[in-house]
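*Asks:* Below is a structure I'd like to ask you about.
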Amino acid sequence: MIRSRRPRWGSTAGLLGLVLVLAGCAAAPVADVPATAADIHAASIVLDAHADIVLPETSAQYLGADGRSKVAVDKLRTGNVGAVVMAAAVGPGPRTAAGDAAARDEVDRKLAALESLVAEHSQTLTIATTAAAVREARAAGRIALIPGFQNARALGGDLDALNELYAAGVRVFALNHIGHNDYADSSRPNFDGATGTYEPAEEHGGLSELGRAAVQRINDLGAVLDVSQSSRVATLSMVAASRAPVIASHSNARSLSAVSRNLSDAELDAIADQGGVVHVVAFGAYLIDYSDPELLRQIREVRVGAGLPAAYAYPYELYWEIKDPDAKRAFLTTMRDLIGPGSVQRMVDHVDYLVQRMGIDHVGIGSDFNHGGGVDGFREADEALNITGELLRRGYSAGDIARIWGGNFLRVLDAAAAAAEATR
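Structure follows, in structure tokens:
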């Protein structure tokens with residue numbers, strides 16, 4: 073059932089077997105999960121490829137039901153999560169010197185918050201910048217946090233800022249969020265509230281010259297390039313330009329859920345052929361099937377009723393343009409009731425599709441916790457075992473599950489470092 077494509081960048085040697093079960097790290101029991109799932113889960117390096125770093129001003133709507141981070145230390149422990157890529161992500165903003173500076177300040181504050189979190193929980197957490205460090209942390213019974221970065225508008229047009237962030241520990245770099253920037257085109261062009269119009273679908277034809285130089289600099293540093301949030305043309309351009317495998321840290325299959333944030337078959341094939349990994353994201357709007365015309369009609373009706381454009385890249389788009397807090401809350405609640413919260417089962421539908429399309433060595437999991445991620449059965453990190461249980465029910469072996477949860481990402485992290493070393 074599961075085919076395995078041979079990546080251009082070598083074998084999947086590394087952490088593809090099972091690791092020792094660590095004292096104190098066993099996951100809490102979850103109803104209806106086969107007994108062997110807990111053993112497989114505890115013996116794998118469970119790695120979440122994308123969660124956001126929380127600041128004091130982070131909106132409560134992105135946090136857990138208890139008002140805390142969805143990847144809080146106790147939740148990671150309960151879910152037996154061994155590693156998380158913690159992204160210093162910034163959203164859209166003015167493309168001005170002041171806007172760039174504000175974005176960089178946000179990135180710096182988030183990285184400082186991550187350092188403070190690790191210092192506060194030094195017996196449990198550690199910053200990891202290599203695949204070997206992740207494995208060592210696991211062997212020592214600690215949880216590895218891998219710093220990430222998202223949205224090149226925070227670079228201010230200065231490629232040396234990539235070096236600064238790498239020196240600060242960042243090992244995963246994504247050029248895009250909502251809105252095009254000076255480096256690359258976004259899968260979700262920005263909306264101009266003043267004119268009521270979107271940016272053009274493409275500004276740079278994928279990558280600008282500055283963006284191509286950024287890809288090369290990321291390769292030179294030995295970091296991982298993340299194509300999530302980039303446009304189709306930008307993603308294909310990044311794959312073609314990169315000397316190392318790339319990842320999509322939190323994206324799904326567009327063939328199953330037709331929104332612009334998801335990846336087309338052409339993108340999936342290109343990433344797999346290069347040896348990269350696509351991480352299925354726990355976000356309901358990127359999981360559901362949009363083929364029902366009646367559902368599409370109702371989505372448009374809800375949007376127009378809230379004063380938003382009928383056209384959209386994903387159903388919730390532009391909710392932030394609703395100024396009245398009660399109206400905003402009503403829109404989000406109504407839309408969520410309409411499209412549903414998503415589920416572990418639907419996540420694994422996407423896993424199945426990616427495995428069949430790309431091969432077992434090219435699929436992972438990225439929650440997008442603390443920025444909208446969370447589905448029934450995997451609302452926070454403490455429920456990670458439910459993913460393993462569903463994978464096991466679908467017929468995946470212990471080795472397959474170890475690849476999907478962490479082995480594939482760690483292989484790419486190793487490959488990025490090796491590709492840089494080969495040119496030095």
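Mapping the sequence shown onto our numbering, position 316 (from 1) lands on 388, and the numbers just tick up by one.
Just so it is clear, CB atoms sit at the ideal spot from N, CA and C, and this is done for glycine as well.
Does the Cβ-Cβ distance between M430 and A344 come in under 7 Å?
*Replies:* Taking 7 Å as the Cβ cut-off, M430 and A344 qualify as a contacting pair.
*Asks:* Please state whether the Cβ-Cβ distance between G449 and N442 is less than 7 Å.
*Replies:* No, Cβ-Cβ distance for G449 and N442 is not below 7 Å.
*Asks:* Roughly how many angstroms lie between the CA atoms of K182 and A160, to the nearest whole one?
*Replies:* Rounded to whole angstroms, K182 to A160 spans 6 Å at the Cα level.
*Asks:* What does the alpha-carbon distance come out to for the pair W477 and H249?
*Replies:* The alpha-carbon atoms of W477 and H249 are separated by roughly 24 Å.
*Asks:* Tell me whether Q222 sits in a helix, a strand or coil according to DSSP, three-state version.
*Replies:* Correct three-state label for Q222: strand.
*Asks:* When DSSP labels each residue in this structure, what does F245 get in the three-state scheme?
*Replies:* Note: F245 maps to strand in three-state DSSP.
*Asks:* Looking at C-beta atoms only, is the number of pairs between the stretch 311-326 and the stretch 289-302 that lie closer than 8 Å three or more?
*Replies:* Taking 8 Å as the limit for Cβ pairs, the verdict is that the stretch 289-302 does touch the stretch 311-326.
*Asks:* Would you call S300 buried or exposed, if buried means 16 or more other Cβ atoms sit within 10 Å of its Cβ?
*Replies:* Looking at its Cβ environment, which holds 16 or more other Cβ atoms inside 10 Å, S300 is buried.
*Asks:* Could you tell me the boundaries of the beta strand (DSSP E) in which T198 lies?
*Replies:* Segment 197-199, the beta strand (DSSP E) holding T198.
*Asks:* For L534, which residues does DSSP report across the bridge?
*Replies:* Here the chain comprises residues numbered 73 to 496, so residue 534 is not present and cannot be evaluated.
*Asks:* Beta-carbon separation of R333 and S415 under 7 Å?
*Replies:* Not a contact, by the Cβ cut-off of 7 Å.
*Asks:* Which residue's Cα is closest to the Cα of L410: L367, G379, A383?
*Replies:* That would be L367, whose Cα lies nearest to the Cα of L410.
*Asks:* Are the CB atoms of I432 and R465 nearer to each other than 7 Å?
*Replies:* No, these two residues do not count as a Cβ contact at 7 Å.
*Asks:* Measure the C-alpha to C-alpha separation of R210 and I117 and round it to an integer number of angstroms.
*Replies:* Those two C-alpha atoms are separated by around 7 Å.
*Asks:* If you run the structure through DSSP and keep just helix, strand and coil, what is F403?
*Replies:* DSSP places F403 in helix when its eight states are reduced to three.
*Asks:* Where does T150 sit, in a helix, a strand or coil, going by DSSP?
*Replies:* Reduced to three states, the DSSP call for T150 is helix.
*Asks:* Can you list, in chain order, the residues of its chain whose CB lies under 7 Å from that of K400, leaving out five sequence neighbours each side?
*Replies:* Excluding sequence neighbours, K400 sits near Y391, I394.
*Asks:* Between which two residues does the alpha helix (DSSP H) harbouring G471 extend?
*Replies:* From DSSP, the alpha helix (DSSP H) with G471 extends over 470-474.
*Asks:* Sort D292, A330, G379 by Cα distance to G356 and report the nearest one.
*Replies:* It is A330 whose Cα lies nearest to the Cα of G356.
*Asks:* For T196, I'd like the list of residues in its chain whose CB is within less than 7 Å of its CB, leaving aside the five on either flank, ordered along the chain.
*Replies:* Excluding positions up to five away in sequence, the list reads V145, R214, I215.
*Asks:* Which of the three DSSP states, helix, strand or coil, is assigned to F481?
*Replies:* It is helical.
*Asks:* Which residues mark the beginning and the end of the alpha helix (DSSP H) in which A174 is found?
*Replies:* Residues 169-192.
*Asks:* CB-CB under 6 Å to A121, same chain, minus the five flanking residues each way: which ones, in chain order?
*Replies:* Once the five neighbours on either side are set aside, the close Cβ partners of A121 are V157, S321, H351, G436, G438, F481.
*Asks:* Look at Y255 and G283 and say whether their C-beta atoms are less than 7 Å apart.
*Replies:* In contact: Y255 and G283 (Cβ atoms closer than 7 Å).
*Asks:* What residue range does the beta strand (DSSP E) around G436 cover?
*Replies:* Unbroken beta strand (DSSP E) run through G436: 435-438.
*Asks:* Cα-Cα, which of D421, Q417, R375, D424 is closest to A402?
*Replies:* Checking every option, the nearest Cα to that of A402 belongs to R375.
*Asks:* Between A185 and D292, what straight-line distance do the alpha-carbon atoms span, to the nearest angstrom?
*Replies:* Their backbone Cα atoms lie some 27 Å apart in a straight line.
*Asks:* Within 10 angstroms of its Cβ, does E44 collect 16 or more other Cβ (buried), or is it exposed?
*Replies:* Any property of residue 44 remains undetermined from this structure, which presents the chain solely from 73 to 496.
*Asks:* Measure the CB-CB distance between Y425 and L359 and report whether it falls below 7 Å.
*Replies:* No, Cβ-Cβ distance for Y425 and L359 is not below 7 Å.
*Asks:* Got a sec, what are the start and stop residues for the alpha helix (DSSP H) A357 sits in?
*Replies:* Careful: A357 lies outside any alpha helix (DSSP H) and carries neither H nor E.
*Asks:* So what's D298 in DSSP terms, helix, strand or just coil?
*Replies:* Strand.
*Asks:* If you draw a straight line from the alpha carbon of L217 to that of G377, how long is it in whole angstroms?
*Replies:* Using only the alpha carbons, I get a separation of about 42 Å.
*Asks:* Going by beta-carbon coordinates alone, are M407 and P381 separated by less than 7 Å?
*Replies:* Their beta carbons are not under 7 Å apart, which means M407 does not touch P381 by this criterion.
*Asks:* Measure the C-alpha to C-alpha separation of L127 and A354 and round it to an integer number of angstroms.
*Replies:* So the two alpha carbons sit approximately 21 Å from each other.
*Asks:* Does Q133 pass the burial test, meaning 16 or more other C-beta atoms within 10 Å, or should it be called exposed?
*Replies:* Looking at its Cβ environment, which holds fewer than 16 other Cβ atoms inside 10 Å, Q133 is exposed.
*Asks:* Can you pull the DSSP bridge partners for S258?
*Replies:* According to DSSP, which records beta bridges pairwise, S258 is partnered with S302.
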